[in-house]
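Notes to accompany the following structure.
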Amino acid sequence: MSHVVSRILLAVLMLPAASLIYLITFIAADRTFGYSWRPMPSVVSGGSAWIFVAIYWYGLWRGSVQWTNRRVIWTLLSAGVAIVIGFIVGILIESIERDVGQFVGCVIPPLLWLIVVTIIWRETPRERGSRLTTTQKHAIVCPSCGYNLTGLQSTRCPECGTMFTLDEILLGQPSRAEQDIA
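Given below as structure tokens:
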């Protein structure tokens, strides 16, 4: 099994594992706090599930992401925004059905955060081109989208459809651009 396939399988298994953590901590918190403060089991279980999801997701993908200050800031900001949105939606639904509102308010933030960081952590065309030329010494990549053009007989990128001249392709290579800067 390849490294990528195993990480994808582990990513798929994360949500069932988080659900199990949510359930176990909900039962434990419900028995501990009882009816003294009713939202406490939902808050404790939602928080513990989200901490698990964040640590698991970061641990699973940290080596694949090129960490920049921008990505770190946006990742942290997305967590705050996800909490606020989950809180607002939870309160709105709680006015209709209390227990459902608490559940939804605790489940929305980690799911929303996963969606947003998947977009934030996605590699840019320049990062993809750099990665391809690093791993494949003679790879030729599309200057526009970073698609590997090695072996193609046309100067049109099959991924983004952009047409290039041979000079534009050669000058657009990450290794060539770095040499021109130096």
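Numbering (my numbering), first residue to last: 2 to 183. Beta carbons are placed, not taken as given, at the ideal position from N, Cα and C, and that holds for glycine.
C-alpha distance - residue i paired with residue j, whole-angstrom precision
{"i": "T163", "j": "R71", "result": "28 angstroms"}
{"i": "M2", "j": "E169", "result": "38 angstroms"}
{"i": "P175", "j": "W58", "result": "29 angstroms"}
{"i": "S20", "j": "I56", "result": "15 angstroms"}
{"i": "G130", "j": "V73", "result": "22 angstroms"}
Closest residue to residue i among the options (Cα-Cα distance)
{"i": "S46", "options": "A29, L150 and V13", "result": "A29"}
{"i": "G106", "options": "I121, V85, T119 and Y59", "result": "V85"}
{"i": "R127", "options": "I116, N149 and P110", "result": "N149"}
{"i": "I52", "options": "V108, I9, P159 and F88", "result": "V108"}
Simplified DSSP state of residue i, which is helix, strand or coil
{"i": "M15", "result": "helix"}
{"i": "H4", "result": "helix"}
{"i": "I182", "result": "No answer about I182 holds up, because its pLDDT of 47 lies below 50 and its placement is not dependable."}
{"i": "R157", "result": "strand"}
Span of the alpha helix (DSSP H) around residue i
{"i": "V73", "result": "N70 to E95"}
{"i": "S46", "result": "M41 to W62"}
{"i": "W114", "result": "R99 to I121"}
{"i": "L167", "result": "L167 to L172"}
Paired residues, beta bridge with residue i - DSSP
{"i": "V66", "result": "None; V66 has no bridge partner."}
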